Amino acid sequence: MKKVININFQGRVIPIEETAYDILKEYIESLRRYFANEEGREEIINDIESRIGELFAERLKKGSTCITDADVNNVIAGMGRPEELEAEGAESSGSTGQQQAASGSQTSSGSGGALTWQGRGRLYRNADDKIIAGVASGLANYLGIDPVIMRIVFVLLFGALFWVYILLWIIVPSKSVHSNITKRLYRSEDDKIIGGVCGGLAAYFNIGSWVPRLIFALPLVIGLISGPFNWWWHDWDIFWGPKIITGSLGTTLFFVYIILWIAVPVAHTSAEKLEMRGGAGRRELHSQYRKGRPGKL
Amino acid sequence: MNIENTQSQMRKGILEFCILSIIRRGEAYPSDIVEEMRGANLQILEGTLYPLLTRLKNADMLTYRWVESNSGPPRKYFSLTPKGEQFYRELEATWNELANAVNTLTSKQGSLTGSMSNGASGESEPQPK
């Protein structure tokens, strides 16, 4: 003999055994704890409750007088308990704690699942991706930025960073480091006029490709506009310095473009193209997975 | 390193892709998605699906519509947004690349005489450098 209560569950009136109700309540609570850090928690719980309500209604329609313990347990088995969900939806089950400890602050970078945590933590010279000794690549990986950018910094500040490079070469051990960077600077194959540099920059910074184009073309535009005036305003540039813009800035931008053209690889495969934009949505998704990870509760 | 862990790692990446491919064919109700995946022998718990759908929806990949049902409250039907379509295509291209690569590599391995270099972690393949 069991006591049956009526509950209003997601817009349905469900007659349910009191013990079954306790099981159900406990289950919903456990889900609530599991999704505690999830952005869409209420919505997820709501959806799950709706579905459970629907399953209960089907059960009642088939002739049951009320929902029993067994019914609830069946439904829960189909839905999955939090500890089962963990293995499927979130990060890997076994090494979660380990990853958690190692990944620490780099939650938004990295999408490769279990492998990603390796990159961070210790500074290595990257044996897999190197031009001289893998210092720039290893350092970039450690700081979570694109190796290409790090290389350009080293080249531009060659004088100042030369000894730093040599020092790191000597001190830092070499190792195959798995890149944990999901967003890389590539030259765009599809969106290019000269070398695809602007297209790649636009994708990297998630802006319209006309922005970098305009910046690179600026000296040319100003030169064209001011050009006709120059023949009668010889010293115009002393006040306004259009010669600085058309001259030295123009040269700087020109060389920046050439350097990027040489240093930055073209995105050929679709995986690279995905990396080029950091897979905008993907990135978000993965940071959300991590939010849902029980280690963070 | 246990087999279940590796298997679930393999499945995880393709789950999203499969869900999107089902929704792409037309508006779908979550439990129908589960049904269809199970029909294709891809086991998934409904409790895993709902958070995935909500995350995809919050990332503007999916949108949903309330559809009246004759037995009870209205039900949520999901469909792809243009952004989701784009996302799907990129995943599809990546999947094709991967599938090709894996097929090529595993079929090669079969013809060799057991030269399996089954490194425990498998993440650093020996490169002759």
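Chains as they are written, first to last, in my numbering: chain Y, 564 to 860; chain P, 212 to 340. Every residue gets a Cβ at the ideal spot worked out from N, C-alpha and C, and that includes glycine. Please read these numbers as outputs of a predicted model, since none were measured by experiment.
With 16 as the cutoff for other CB atoms within 10 Å, does residue i come out buried or exposed?
i                            : result
methionine 713 of chain Y    : buried
serine 280 of chain P        : exposed
alanine 699 of chain Y       : buried
proline 262 of chain P       : buried
threonine 265 of chain P     : buried
glutamate 601 of chain Y     : buried
isoleucine 611 of chain Y    : buried
methionine 839 of chain Y    : buried
glutamine 573 of chain Y     : buried
isoleucine 639 of chain Y    : buried
alanine 312 of chain P       : exposed
methionine 221 of chain P    : exposed
phenylalanine 598 of chain Y : buried
asparagine 252 of chain P    : exposed
isoleucine 788 of chain Y    : exposed
isoleucine 756 of chain Y    : exposed
Measure the Cβ-Cβ separation of residue i and residue j and say whether it is below 7 Å.
i                            : j                            : result
glycine 258 of chain P       : leucine 648 of chain Y       : yes
isoleucine 233 of chain P    : isoleucine 225 of chain P    : no
leucine 702 of chain Y       : valine 827 of chain Y        : no
aspartate 754 of chain Y     : serine 739 of chain Y        : no
valine 635 of chain Y        : isoleucine 586 of chain Y    : yes
serine 737 of chain Y        : arginine 688 of chain Y      : yes
alanine 696 of chain Y       : tryptophan 732 of chain Y    : yes
phenylalanine 779 of chain Y : leucine 823 of chain Y       : no
leucine 783 of chain Y       : proline 775 of chain Y       : no
leucine 273 of chain P       : phenylalanine 289 of chain P : yes
glycine 759 of chain Y       : serine 751 of chain Y        : yes
serine 593 of chain Y        : proline 645 of chain Y       : yes
phenylalanine 228 of chain P : tryptophan 306 of chain P    : yes
leucine 724 of chain Y       : phenylalanine 717 of chain Y : yes
At 8 Å on the CB atoms, spell out the chain P contacts of residue i, in chain order.
i                            : result
arginine 614 of chain Y      : Pro241, Ser242, Glu257 and Tyr261
isoleucine 607 of chain Y    : Tyr261, Pro262 and Thr265
glycine 641 of chain Y       : Leu256 and Glu257
leucine 648 of chain Y       : Leu256, Gly258, Thr259 and Pro262
phenylalanine 546 of chain Y : In the structure as shown, chain Y starts at 564 and stops at 860, and residue 546 of chain Y therefore has no counterpart that could be examined.
Residue i versus chain Y: which residues are under 9 Å apart at the beta carbon?
i                     : result
serine 282 of chain P : Glu617, Ala620, Glu621 and Lys624
lysine 287 of chain P : Asp610 and Ser613
Among the options, whose alpha-carbon lies nearest the alpha-carbon of residue i?
i                            : options                                   : result
asparagine 571 of chain Y    : Y:Glu601, Y:Lys746, Y:Lys693 and Y:Phe619 : Y:Phe619
proline 710 of chain Y       : Y:Ile733, Y:Asp692, Y:Leu587 and Y:Gly574 : Y:Asp692
arginine 286 of chain P      : P:Tyr240, P:Ile255, P:Met248 and P:Thr315 : P:Tyr240
isoleucine 582 of chain Y    : Y:Gly603, Y:Arg622 and Y:Thr631           : Checking the sequence, you will find threonine at residue 582 of chain Y rather than isoleucine. The candidate whose alpha carbon is nearest that of threonine 582 of chain Y is Y:Thr631.
lysine 566 of chain Y        : Y:Ile579, Y:Arg575, Y:Gln573 and Y:Arg604 : Y:Ile579
glycine 616 of chain Y       : Y:Tyr728, Y:Met642, Y:Ala599 and Y:Leu777 : Y:Met642
glycine 762 of chain Y       : Y:Ile607, Y:Gln573 and Y:Tyr820           : Y:Tyr820
phenylalanine 768 of chain Y : Y:Lys746, Y:Ile785 and Y:Leu781           : Y:Lys746
isoleucine 255 of chain P    : P:Leu267, P:Asn269, P:Ile230 and P:Arg235 : P:Ile230
leucine 291 of chain P       : P:Gln218, P:Arg300, P:Thr305 and P:Arg235 : P:Arg235
glutamate 296 of chain P     : P:Val313, P:Asp271 and P:Thr317           : P:Asp271
lysine 624 of chain Y        : Y:Ile608, Y:Pro645 and Y:Ile577           : Y:Ile577
asparagine 569 of chain Y    : Y:Leu719, Y:Tyr705, Y:Cys629 and Y:Lys836 : Y:Cys629
phenylalanine 818 of chain Y : Y:Ile607, Y:Ile734 and Y:Ile715           : Y:Ile715
arginine 575 of chain Y      : Y:Trp726, Y:Glu589 and Y:Glu621           : Y:Glu621
glycine 603 of chain Y       : P:Asn269, P:Ser219, P:Leu260 and P:Glu247 : P:Asn269
lysine 836 of chain Y        : P:Ile214, P:Lys319, P:Glu308 and P:Ser318 : P:Glu308
leucine 781 of chain Y       : Y:Glu606, Y:Thr814 and Y:Ile756           : Y:Thr814
tyrosine 584 of chain Y      : Y:Ile785, Y:Ala633, Y:Ala766 and Y:Trp726 : Y:Ala633
What residues of chain P sit near residue i, judged by a beta carbon separation below 9 Å?
i                            : result
arginine 575 of chain Y      : Gly283 and Pro284
phenylalanine 572 of chain Y : Those within 9 Å of phenylalanine 572 of chain Y in chain P number zero; the least Cβ separation is about 10 Å.
phenylalanine 598 of chain Y : Pro262
Whose Cβ in chain Y lies nearer than 7 Å to the Cβ of residue i?
i                         : result
asparagine 311 of chain P : Simply none; closest approach about 11 Å.
asparagine 172 of chain P : In this structure chain P extends from 212 to 340, so residue 172 of chain P is not present and cannot be described.
Below 7 Å on C-beta distance, what does residue i contact in chain P?
i                        : result
glutamate 592 of chain Y : Result: empty, since nearest Cβ-Cβ is about 14 Å, beyond 7 Å.
Indicate, with yes or no, if the ligand PLP has a heavy atom lying under 6 Å from the CB of residue i.
i                      : result
leucine 309 of chain P : Only the bare structure without any ligand can be found here, which leaves the ligand PLP out of the picture.
Scan the region 242 to 313 of chain P and note each continuous alpha helix (DSSP H) run of 4 residues or more that stays entirely inside, going in chain order. 257 to 269
Name the residues in the region 762 to 791 of chain Y whose C-beta lies less than 9 Å from a C-beta of chain B; which are they? Any reference to chain B falls outside this structure, whose protein chains are Y and P.
Threshold first: 4 residues or longer. Then list the alpha helix (DSSP H) segments lying entirely within the region 604 to 631 of chain Y, N to C. 604 to 624
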